[in-house]
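Chemist: Chains as they are written, first to last, in the numbering used here: chain V, 262 to 471; chain X, 262 to 471.
Heads up, the beta-carbon is just placed ideally off N, CA and C, and yes, glycines get one too.
Protein chains: 2
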Amino acid sequence: MTLLLADDQSIILDGLEALLEQDEEVQVVGRASNGREAVERSKKLKPDVVLMDISMPEMDGIEATKAVLACCTGTRVLVLSMYDHHDLVHEIMEAGASGYVLKNVGKEELCRALRIVAAGQQYLTQEVRSAFDNDMRAKEIMGETGYHALTKREKEVVKLICRECTTQEIAASLFLSPQTIDTHRKNILHKLGVRNTAGLVKYAKERGWC
Amino acid sequence: MTLLLADDQSIILDGLEALLEQDEEVQVVGRASNGREAVERSKKLKPDVVLMDISMPEMDGIEATKAVLACCTGTRVLVLSMYDHHDLVHEIMEAGASGYVLKNVGKEELCRALRIVAAGQQYLTQEVRSAFDNDMRAKEIMGETGYHALTKREKEVVKLICRECTTQEIAASLFLSPQTIDTHRKNILHKLGVRNTAGLVKYAKERGWC
DNA sequence: GATAAAATACCCACTTCCGGGTATTTTTAT
DNA sequence: ATAAAAATACCCGGAAGTGGGTATTTTATC
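(1) Which residues in the same chain as residue 332/X place their Cβ atom closer than 8 Å to its Cβ, once the five residues preceding and following it in sequence are excluded?
(2) Sort 386/V, 307/V and 369/V by Cα distance to residue 340/V and report the nearest one.
(3) With DSSP as the reference, please indicate the residues paired to residue 339/X in a beta bridge.
(4) Got a sec, what are the start and stop residues for the beta strand (DSSP E) residue 290/X sits in?
(5) Buried or exposed for residue 351/X, please, with buried defined as at least 16 other CB atoms from any protein chain shown within 10 angstroms of its CB.
(6) To the nearest angstrom, report how far apart residue 431/V and residue 457/X are at their CA atoms.
(7) So is residue 301/X in contact with chain V if we call contact Cβ pairs under 9 Å?
(8) For residue 286/X, I'd like the list of residues in its chain whose CB is within less than 6 Å of its CB, leaving aside the five on either flank, ordered along the chain.
(9) Taking all protein chains shown into account, do 16 or more other C-beta atoms lie within 10 angstroms of the C-beta of residue 295/V, making it buried, or fewer, making it exposed?
(10) Give me the Cα-Cα distance between residue 275/X and residue 449/X, rounded to the nearest whole angstrom.
(11) Report the rounded CA-to-CA distance for residue 336/X versus residue 356/X, giving the unit in angstroms.
(12) Starting from the Cα of residue 284/V, find the closest Cα among 264/V, 314/V, 326/V and 436/V and give me that residue.
(13) Bridge partners of residue 263/V, per DSSP?
(14) I'd like to know whether the C-beta of residue 387/V is nearer than 9 Å to at least one C-beta of chain X.
(15) Per the DSSP calculation, residue 384/V is bridged to which residue(s)?
(16) Got a sec: which bits of the region 356-385 of chain X sit with their beta carbon under 7 Å from any beta carbon on chain V, in order along the chain?
(17) Are the CB atoms of residue 272/X and residue 395/V within a distance shorter than 9 Å?
(18) Decide if residue 308/X is buried, meaning its Cβ has at least 16 other Cβ atoms within 10 Å, or exposed.
(19) Quick one: give me the first and last residue of the alpha helix (DSSP H) that residue 365/V is part of.
(20) Looking at chain V, is there any beta carbon in it that lies within less than 9 Å of the beta carbon of residue 404/X?
(21) Using a C-beta to C-beta distance shorter than 8 Å, which residues of chain V count as neighbours of residue 460/X?
(22) According to a CB-to-CB cut-off of less than 7 Å, which residues of the region 314-326 of chain X neighbour chain V?
(23) Report yes or no: is there a C-beta of chain V within less than 9 Å of the C-beta of residue 262/X?
(24) Find the residues of chain X that neighbour residue 271/V, judging by a C-beta separation of less than 8 Å, and give them in chain order.
(25) Inspect the beta-carbon positions of residue 349/V and residue 338/V and report whether they are closer than 9 Å.
(26) In angstroms, rounded to a whole number, what distance separates the CA positions of residue 461/X and residue 453/X?
(27) Pick from 384/X, 428/X, 345/X and 359/X: whose alpha carbon is nearest that of residue 392/X?
(28) What residues in its chain sit with their C-beta under 7 Å from that of residue 383/V, if we drop five residues either side in the sequence?
(29) Check whether the Cβ of residue 303/V sits closer than 8 Å to any heavy atom of the ligand ZN, and report yes or no.
(30) According to DSSP, is residue 373/X part of a helix, a strand, or is it coil?
(31) At least one CB of chain V closer than 9 Å to the CB of residue 265/X: is that the case?
(32) Cutting at 6 Å between CB atoms, please list the residues of its own chain near residue 459/V, excluding the five before and the five after it.
(33) Going straight from the alpha carbon of residue 405/V to that of residue 334/X, what length do you get?
(34) Can you give the beta carbon distance from residue 328/X to residue 267/X, rounded, assuming they're within the 8 Å contact cut?
(35) Nearest to residue 367/X by CA position, among 465/X, 468/X, 277/X and 470/X, is which residue?
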């Protein structure tokens, strides 16, 4: 099984490589330190599985997953994430990932997950499984996904909010009316399903946007 | 050199262990998945160095560092962190850590840092060095540390703010007056040197408080 | 060329938050 | 026992953010 590792912290890449090389079936053929790199390397190396972190600069793991699956048939994505939040799991599984494991799994479970995903099946770690199933059932009943991706402009606004900018300051730096930023803020809160700035910043942090 | 690893993500512990065991001088004698555990294990195992993450549940790496150094003479702490923010570096170095390396270092630099710290010297990774030095010089001139730790109550308030609670809701859940929470909020912003809720939540996220 | 999505901008009303204080009581530490 | 720190609570005023709309222009997309 050929494997591409994508994580923005190189000591983790080193660690994972050292760990996974102990498994004879696994062969680490490449590494990437952000989403963009992960897509480029996938195109060239056509790995069986990409082990992907979500929180990455340049391009986050969610966008990268979509891009990898769009261009590399046969390549699967296994997500290795810090967080077990419903919305995060749902979002990336909808993007086409084959599995989701938390960073607090042991070596054994990670290797098991890799095999399952490489064989074309889904693997969700215990902590996220039940939540995700409930989520899916609710979706089927209600007939809607509930999730709406942010637009380019909205992401830009999020990043400036994370830098402690006020609406006025954001407007000034983007050469727009404060009322436009106000509209963006409202749409962002609604799309992300959060109540206020605190929820918004948490969301951004968990995706490596700041 | 005996080593204790402290990180809340066990796959990272596994990875670091696999990586560092390749170095014959290094011997990993224990692991901890939060600050409290790190202190307990240090007391028992008396390792030469504790390789400590900052973002951990129960007790963060900063408090844990203080506690370890208070009870284990001869044990040094090397911090392994995601962030290169001045305030974070300054805070933990003032707590007594012997070094600070980012998670995007390579294996070689990490091992080098471990040796230097074990020998009783300081090691700061390139990215934080100049910033920290400037910081220290500024402090010497102005004669003040600038940093003020949050109190227990203030941390409690921070956590509730991170859960998207409003001042009113926090007051209700702690059975206090909203004006008290307002005072806490203002003091928190001032102590942390941030402008608003966004900065506050970022701070909390980086320390693993939510 | 039609249609949808995104980006822009405005309205009103209300809540929440921030900046500047002051002051009392309770805990903690020496 | 006493000083210092923490926790509590209030004042005023203004800035910032949220919730509910509507509407126009620009940019993708089919």
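Modeler: The structure says:
(1) Your numbering for residue 332/X matches position 71 in the second sequence. Same-chain partners within the cutoff: 300, 303 and 304.
(2) Position 79 of the first sequence, counted from the start, is the residue given in the question as residue 340/V. Selected option, being the one with the closest Cα: 386/V.
(3) Taking the second sequence and counting its residues from 1, one reaches residue 339/X at position 78. 312/X and 360/X, per the DSSP bridge assignment.
(4) Along the second sequence, one-based indexing puts residue 290/X at 29. Run containing residue 290/X: 288-293, per the beta strand (DSSP E) assignment.
(5) Looking up residue 351/X in the second sequence gives position 90. The residue in question, residue 351/X, is buried, as its Cβ has 16 or more Cβ neighbours within 10 Å.
(6) Here residue 431/V refers to the residue found at position 170 when the first sequence is read from its first residue. Here residue 457/X refers to the residue found at position 196 when the second sequence is read from its first residue. The alpha-carbon atoms of residue 431/V and residue 457/X are separated by roughly 14 Å.
(7) Looking up residue 301/X in the second sequence gives position 40. Answer no: the Cβ-Cβ gap between residue 301/X and chain V never drops below 9 Å.
(8) Residue mapping note: residue 286/X aligns to position 25 of the second sequence, counting from 1. Answer for residue 286/X: 262, listed in chain order.
(9) Translated into the one-based positions of the first sequence, residue 295/V becomes position 34. Residue 295/V comes out buried.
(10) What you label residue 275/X is simply residue 14 of the second sequence in a count that begins at 1. What you label residue 449/X is simply residue 188 of the second sequence in a count that begins at 1. When rounded, the distance between both Cα atoms is 37 Å.
(11) Along the second sequence, one-based indexing puts residue 336/X at 75. Along the second sequence, one-based indexing puts residue 356/X at 95. Going from the Cα of residue 336/X to the Cα of residue 356/X covers about 14 Å.
(12) By one-based count along the first sequence, residue 284/V stands at place 23. It is 264/V whose Cα lies nearest to the Cα of residue 284/V.
(13) The sequence position of residue 263/V within the first sequence is 2, counting from 1. Answer by DSSP bridge pairing, in chain order: 288/V.
(14) Residue 387/V sits at position 126 when you count from the first residue of the first sequence. With 9 Å as the cut-off, residue 387/V does not count as an interface residue toward chain X.
(15) On the first sequence, residue 384/V is found 123 positions in, with the first residue counted as 1. DSSP lists 360/V as partners of residue 384/V.
(16) 364, 365, 366, 367, 368 and 371
(17) Stepping through the first sequence from its first residue, residue 395/V is reached at position 134. Stepping through the second sequence from its first residue, residue 272/X is reached at position 11. Not a contact, by the Cβ cut-off of 9 Å.
(18) Walking along the second sequence from the start, residue 308/X turns up at place 47. Residue 308/X is buried by the Cβ-count criterion.
(19) Position 104 of the first sequence, counted from the first residue, corresponds to residue 365/V. Per DSSP, residue 365/V belongs to no alpha helix (DSSP H) and is neither H nor E.
(20) Position 143 of the second sequence, counted from the first residue, corresponds to residue 404/X. In this prediction, residue 404/X scores a pLDDT of 42, lower than 50, which makes its location untrustworthy; the coordinate-derived value is nonetheless stated afterwards. Output row for residue 404/X: interface = no.
(21) Looking up residue 460/X in the second sequence gives position 199. The answer, in chain order, is 425.
(22) none
(23) By one-based count along the second sequence, residue 262/X stands at place 1. No, residue 262/X lies away from the interface with chain V (no Cβ there is under 9 Å from its Cβ).
(24) Counting from one through the first sequence, the residue named residue 271/V turns up at place 10. Here the neighbours are 364, 365, 366 and 367.
(25) Working through the first sequence from its first residue, we reach residue 349/V at position 88. Working through the first sequence from its first residue, we reach residue 338/V at position 77. In this structure, residue 338/V does not lie closer than 9 Å to residue 349/V by Cβ.
(26) Translated into positions along the second sequence, residue 461/X becomes position 200. Translated into positions along the second sequence, residue 453/X becomes position 192. Cα to Cα, the separation comes out at about 8 Å.
(27) Here residue 392/X corresponds to residue number 131 of the second sequence, with the count starting at 1. Comparing Cα positions, the closest option is 345/X.
(28) Residue mapping note: residue 383/V aligns to position 122 of the first sequence, counting from 1. Only 359 and 360 meet the Cβ criterion.
(29) Here there are no bound small molecules, and the ligand ZN is not part of this structure.
(30) Translated into positions along the second sequence, residue 373/X becomes position 112. Correct three-state label for residue 373/X: helix.
(31) Residue 265/X sits at position 4 when you count from the first residue of the second sequence. No, no contact with chain V.
(32) Sequence index remark: in the first sequence, residue 459/V carries index 198 (1-based). Result list for residue 459/V: empty, nothing under 6 Å.
(33) As a working mapping, residue 405/V is identified with position 144 in the first sequence. As a working mapping, residue 334/X is identified with position 73 in the second sequence. Below a pLDDT of 50, predicted positions are generally treated as unreliable, and residue 405/V, at 47, falls in that range; the measurement from the model is reported next regardless. One C-alpha to the other measures close to 60 Å.
(34) Against the second sequence, residue 328/X aligns to sequence position 67. Against the second sequence, residue 267/X aligns to sequence position 6. Rounded, the Cβ-Cβ distance is 12 Å, inconsistent with contact.
(35) Residue mapping note: residue 367/X aligns to position 106 of the second sequence, counting from 1. Among 465/X, 468/X, 277/X and 470/X, the Cα nearest to that of residue 367/X belongs to 277/X.
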